[in-house]
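Protein chains in written order, with the numbering used here: chain R, 84 to 354; chain D, 84 to 354. C-beta: ideal position from N, C-alpha, C; glycine also. Below is one structure, written out as structure tokens; comments come after it.
2 protein chains.
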Amino acid sequence: MPSAPAAGAAVVRDGAAVVHRGADASGKMDTMPSTDSLVPRTGERAHDVVLAHIETELREGRLSVGDRLPGERALAEQFGISRASVRDAIRTLEVMGVVRSATGSGPKSGTVVVSDPTSALGQALRLHVASRHLPVADIVQARIMMETWCLSRAAGSTWEPAAIDEARALLDAMDDPSLPSKAFTALDAQFHVALSALAGNSVVSTMMESLRESTRGYVDEAVATLGNWDEIAADLRLQHRAIFEAVEAHDGERAARLVREHIEWFYAQTL
Amino acid sequence: MPSAPAAGAAVVRDGAAVVHRGADASGKMDTMPSTDSLVPRTGERAHDVVLAHIETELREGRLSVGDRLPGERALAEQFGISRASVRDAIRTLEVMGVVRSATGSGPKSGTVVVSDPTSALGQALRLHVASRHLPVADIVQARIMMETWCLSRAAGSTWEPAAIDEARALLDAMDDPSLPSKAFTALDAQFHVALSALAGNSVVSTMMESLRESTRGYVDEAVATLGNWDEIAADLRLQHRAIFEAVEAHDGERAARLVREHIEWFYAQTL
DNA sequence: TGGCCACATGTGGTCGGACCATAGTAGGCA
DNA sequence: TGCCTACTATGGTCCGACCACATGTGGCCA
């Protein structure tokens, strides 16, 4: 009877008594009391155990970006659960942009801790846009709110030379007239992000980038069907230059106004 | 003995030719670029097929909130992949807040399409806060940006009576002096969200709620260690009333200023 | 000796089959 | 008629195996 509630692994969850397999028989007795889990929080959904453990490790600094997690087989044995459940937990972390998995061997392989909230949030937002739950118009409005805020703040502060140079380099790269539209929009997105990053708020930068990411498909599709892309690109270049100069001149009010007009104008073109 | 298909061998399963991985190196794309989902697209990861299919269904409106997905076994058969890979894809969607899975039978069971970006984004943000990648100070700043924007906009527009009544009801509920601090902060969060929702931007509302969600543990922990919680709660009640009245009086500027001071003041208390 | 190639190793990815817990539902029995 | 028990379909977990990939390592040959 593997369903015997060994180790007192009975827990009340959502009003229902959930009795779970108690790490069964495989010689896990050495780690039975484990770190802290005797009765308090055991009995969780198997993969939640791994999830909670990794979050704790992260919070207490024992795991940080660049570190490699033990292999899936090792984790499974460590927690007395199956590899499938470990994979479940790791998949969760991967979707959230906390880890990245790669096959093969060597230092670049395996599951390593990264910090890529942007693509994670962006992908999630994209799906919710797909399900008609988040209108594109609201995303555009949110972008305007964030970018005007960022640029106002950026203009009022001093920046690292490298940061402003990055934006300038992107500006120059976009001047190439032979650039495919898709490459242009990619640089465009990077430019907006680089400029907004001058405000020095990583959360806002992350969210802005995620919003942009979530609508990238929409933008590229719209651009591809535009007949007068060359003219529009020319306008965009001028607008970008004007915005950049306003920020560089520490004129926050003008920068905010210009970027607002810039985004609203471009969005109107794609309707 | 489970049929051990040799590398590159074609296995016939359920009437559909399934080419196992490893055939990518040889001829691949030349095989019927059919859009039919019965033909696996080699070179794509197994679970990505399901993911892409569901996103398409979502985008084209064939799937919407409340619909039930086919069972995991059915999907596995439909795509000619294993149930484990189907589960991988569904787990991804679940983490993103696109579906919700429940065991059992009946209409409420199985995998159902929902739209819960808030908890998904909130959980992801929380993990990145845990990994020291997103400072709490930046989150507070982002909240201030969003809430001041929301309240300015909310004050300048007309709202559904039900929406403003909800905020008022939360305000009244927080007046209960016997409320545990944790219950108070929960109502507090709901109040901020309800008020900000008056601005009518679902994306900003979602992000605001996610930010609050991601710092809930931090806030509750800080509140629990405060010695003078009763005094602070009294101050919070007054501030909430003032903010609410400013919005109700359509004084956007005052509402924005008050909510900024409110958040900054509370954050300062928890340091 | 030096460079190259084949194999050993360890990783995540996939597979298929099995069993369990859960929650509705249909059917049997009183 | 009403209650209770099987039945069924669902996701959750487990196991053991194999595959594709990337790297390291050793031996072989020039």
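query	result
Using a Cβ-Cβ distance cut-off of 8 Å, determine whether D:Q273 contacts chain R.	no
Run through DSSP, which three-state label would R:V181 get?	coil
So for D:T289, helix, strand or coil by DSSP?	helix
Given this structure, state the Cα-to-Cα distance separating D:K111 from D:G149, to the nearest angstrom.	Confidence is the limiting factor: at D:K111 the pLDDT is only 33, short of 50, which leaves the residue's position unreliable, though a coordinate-based value still follows. In a straight line, the C-alpha of D:K111 is about 38 Å away from that of D:G149.
Sorted by chain position, which residues of the same chain lie with C-beta nearer than 7 Å to D:R343's C-beta, five sequence neighbours on each side aside?	I227, T231
In angstroms with no decimal places, state the Cα-to-Cα distance between D:A185 and D:D271.	30 Å
Terminal residues of the continuous beta strand (DSSP E) containing D:G193?	193-196
Report the partner residues of R:R60 according to the DSSP bridge assignment.	Any answer about residue 60 of chain R is impossible in this case: the structure gives chain R only from 84 up to 354.
So, using beta-carbon positions, are R:R337 and D:D171 closer together than 8 Å?	no
What are the residues in the region 148-165 of chain R lying within 9 Å of chain D by C-beta distance?	V148
Count Cβ pairs between the region 231-249 of chain D and the region 324-337 of chain D that sit closer than 8 Å; are there 3 or more?	yes
Alpha carbon to alpha carbon, how far is R:S147 from D:S202? Give it in angstroms, no decimals.	24 Å
Please find out if some non-hydrogen atom of the ligand ZN comes closer than 7 Å to the beta-carbon of R:E243.	Of the ligands one can find in the structure shown there are none, so the ligand ZN has no counterpart to examine.
Where D:E177 and D:V196 are concerned, what is the direct C-alpha to C-alpha distance, given to the nearest angstrom?	9 Å
Quick check: is the beta carbon of D:S202 nearer than 8 Å to any beta carbon in chain R?	no
Considering only the beta carbon of each residue, do R:S288 and D:H211 sit closer than 8 Å?	no
For chain R, find out if any of its Cβ atoms is closer than 8 Å to the Cβ of D:I346; answer yes or no.	no
Taking all protein chains shown into account, decide if D:R209 is buried (16 or more other Cβ within 10 angstroms of its Cβ) or exposed.	buried
Say whether the region 253-262 of chain D touches the region 313-325 of chain R, bearing in mind that this needs 3 or more beta-carbon pairs closer than 8 Å, one atom from each stretch.	no
Straight-line CA distance for D:G193 to D:S240?	41 Å
If the cut-off is 8 Å on Cβ atoms, which residues from the region 275-298 of chain R count as contacting chain D, listed in chain order?	N284, S285, V286, V287, T289, M290, L294
Let me make sure I understand the geometry here. Which of R:T298, R:P263, R:V330, R:H130 has the alpha-carbon closest to that of R:V223?	R:T298
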